[in-house]
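> One structure is given below, represented as structure tokens, and several questions about it will come after.
In the working numbering, the protein residues as written are 1385 to 1859.
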């Protein structure tokens, strides 16, 4: 209990030391200093204090003002209610949550870096006290991690944030809060490919994330939020498909059999699905769906490419048919470097680019080889169609899956598709189809205006893309 009392005293001093200067509300209720109150510790309620009625009055007044976003008038009343009864009625964490809202607002308005740091410290002290009073450690850790990831990324490095997320989902598991899944997924993927966590750890948490997503979708609650998460998490975790053995055959069957069934007459689709299933280890399982897809591939889509005229290229195709994609890439690259036939060179480089894109999910390398293909055959639209698809597929890589950062990737994608149709009449039909389909996913006029930008201006898209483009609004 002594530790709790010390905490509440420390927090009270902290609140007063870094409270912003505000205009006192027009009310007869005065803010009382903490030593004049009679609470029983950091979890005192209205009923615990002899000044409980005053706290209730302050509570009602500040809540009304807070709803109106009158922060300056509401804050002194919140401070009084919090000082007397931090835990309010003991059933809800309202005073702690509202305090965090106040200090987040003060943080947003502050320009002094030291003051901003004090506000963040106060917020995290409020989180700590919330945990002391209400438990729910997994929730509190998730909130801390979420805030550090989105609001205060400069305050802690990714190691700390990742550990908070990990502890949160370890504690809550199938009841983990939905708001942690998107940022945790992003950090999980980044940390694996930055060689900071093992394959086994990445597999464990990817599985936990997908399990939680599934239970959330099945719950029927928070449907809008779960829909957003479902648009992001599977796409971001697809980066692990490029890691041999990361996912088992069941994963690939669940994902790619429906893709085959949607368009079984399109050989590009059939070939992509078939190779993904081979890569996923499904060829030795005797699975009926795999055998069905293989039969369509063998009968309609298996083609000995014209570019396989050299023994090196033939070795590449043999490796490709066996699902040995890294070996296939090596052989195709070697064959491309051996030949003086520029058309053949371009076809081989584009084949490598497609493997990196469709099977290994390594977008920068896919672009690198697509550009090699375009350099070898300047009037060919296919490489630019592929680069545009790479950019358009990068929403989950460059943002949360929705919103500005995930939408602006469409701009450079459209640039590539426009170039494809301008240099190659044979590519025009597909380019137009892609442009018409993706225009709807660009930012709205309102989003552009809010960022003080103008349609038609030049803009550089960051992330791995790093391309200068033109600002456009969705139709």
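No residue lacks a Cβ here, since even glycine has one placed at the ideal position from N, Cα and C.
Within a Cβ cutoff of 7 angstroms, which residues of the same chain sit near residue 1636, ignoring the five residues on either side of it in sequence?
Same-chain partners within the cutoff: 1660, 1661, 1664 and 1666.
> Between the Cα of residue 1573 and those of 1834, 1745 and 1774, spot the shortest distance and give me the residue it belongs to.
Among 1834, 1745 and 1774, the Cα nearest to that of residue 1573 is on 1745.
> Note down the Cα distance separating residue 1510 from residue 1460, rounded to an integer number of angstroms.
Near 16 angstroms, if we compare the C-alpha coordinates of residue 1460 and residue 1510.
> Determine contact between the stretch 1671-1683 and the stretch 1639-1659, defined as no fewer than three beta-carbon pairs at a distance below 8 angstroms.
Flag = yes, the stretch 1671-1683 and the stretch 1639-1659 touch.
> Does the stretch 1798-1805 come close enough to the stretch 1838-1849 to have 3 or more Cβ pairs within less than 8 angstroms?
Output reads no: the stretch 1838-1849 does not touch the stretch 1798-1805.
> Measure the alpha-carbon distance for residue 1649 versus residue 1817 and round it to whole angstroms.
Residue 1649 and residue 1817: Cα-Cα distance of roughly 18 angstroms.
> Where does residue 1839 fall in DSSP's three states?
Coil.
> In this structure, how does DSSP classify residue 1845 when only helix, strand and coil are distinguished?
Strand at residue 1845.
> Taking DSSP as the reference, what is the three-state secondary structure of residue 1454?
Residue 1454: coil per DSSP, three-state reduction.
> Output the boundary residues of the beta strand (DSSP E) element that contains residue 1429.
First-last for residue 1429: undefined, no H or E at that position.
> Taking residue 1477 as the reference, which of 1518, 1450 and 1507 has the closest Cα?
Considering only alpha carbons, the answer is 1518.
> At a cut of 8 angstroms, does the stretch 1610-1623 reach the stretch 1552-1569 through at least three beta carbon pairs?
Verdict: yes, contact present.
> For residue 1597 and residue 1618, what's the separation of their Cα atoms in angstroms?
Cα-Cα distance, rounded: 9 angstroms.
> Taking only three categories from DSSP, how would you classify residue 1851?
Strand, per DSSP.
> Between the alpha carbons of residue 1568 and residue 1696, how many angstroms are there, rounded?
If I take the Cα positions, the gap works out to 43 angstroms.
> At the level of alpha carbons, what is the spacing between residue 1472 and residue 1591?
Computed Cα separation, rounded: 39 angstroms.
> Between the alpha carbons of residue 1832 and residue 1839, how many angstroms are there, rounded?
Taking the straight line joining both Cα atoms gives about 8 angstroms.
> Looking at residue 1506 and residue 1487, is the spacing between their C-beta atoms short of 8 angstroms?
For residue 1487 and residue 1506, yes; Cβs fall inside 8 angstroms.
> Quick check on residue 1405: does DSSP put it in helix, strand or coil?
In this predicted model, residue 1405 has a pLDDT of only 46, less than 50, meaning its place in the structure is not dependable enough to derive any value.
> Answer yes or no: the CB of residue 1841 versus the heavy atoms of the ligand FAD, is any distance below 7 angstroms?
Inclusion of the ligand FAD in the displayed structure is not the case, the ligand content being empty and no account of it being possible.
> Tell me the residue span of the alpha helix (DSSP H) that contains residue 1603.
From DSSP, the alpha helix (DSSP H) with residue 1603 extends over 1583-1603.
> Mind checking whether residue 1704 and residue 1720 have CB atoms under 8 angstroms apart?
For residue 1704 and residue 1720, no; Cβs fall outside 8 angstroms.
> Mind checking whether residue 1529 and residue 1549 have CB atoms under 8 angstroms apart?
A contact, by the Cβ cut-off of 8 angstroms.
> For the alpha helix (DSSP H) that contains residue 1533, what are its first and last residues?
Per DSSP, residue 1533 belongs to the alpha helix (DSSP H) from 1521-1534.
> Considering only C-alpha positions, which residue in the set 1628, 1713 and 1723 is nearest to residue 1738?
Nearest C-alpha to residue 1738: 1713.
> Counting Cβ pairs closer than 8 angstroms, one from the stretch 1784-1800 and one from the stretch 1768-1775, do we hit at least three?
Yes, since at least three Cβ pairs between the stretch 1784-1800 and the stretch 1768-1775 fall closer than 8 angstroms, the two stretches touch.
> When you compare the CB positions of residue 1748 and residue 1757, do they come within less than 8 angstroms of one another, or not?
Going by C-beta atoms, residue 1748 is not nearer than 8 angstroms to residue 1757.
> Terminal residues of the continuous alpha helix (DSSP H) containing residue 1792?
No alpha helix (DSSP H) holds residue 1792; DSSP gives it neither H nor E.
> With a CB to CB cut of under 7 angstroms and the five nearest residues on each side skipped, what residues in its chain are close to residue 1793?
Contacts found: 1775, 1776, 1778, 1779, 1782, 1845 and 1849.
> In the stretch 1768-1814, which residue ranges form an unbroken beta strand (DSSP E) of at least 3 residues, counting only runs that do not cross its ends?
Those beta strand (DSSP E) runs which fall completely within the stretch 1768-1814 and span 3+ residues do not exist here.
> Spatial neighbours of residue 1859 within its chain, please: C-beta separation below 8 angstroms, excluding the five flanking residues on both sides.
These residues qualify, in order along the chain: 1823 and 1824.
> Cα separation between residue 1743 and residue 1429?
Answer to the nearest angstrom: the Cα atoms are 58 angstroms apart.
> Roughly how many angstroms lie between the CA atoms of residue 1455 and residue 1857, to the nearest whole one?
The alpha-carbon atoms of residue 1455 and residue 1857 are separated by roughly 35 angstroms.
> Tell me whether residue 1627 sits in a helix, a strand or coil according to DSSP, three-state version.
In the structure shown, residue 1627 sits in coil (DSSP, three-state: anything other than H, G, I, E or B).
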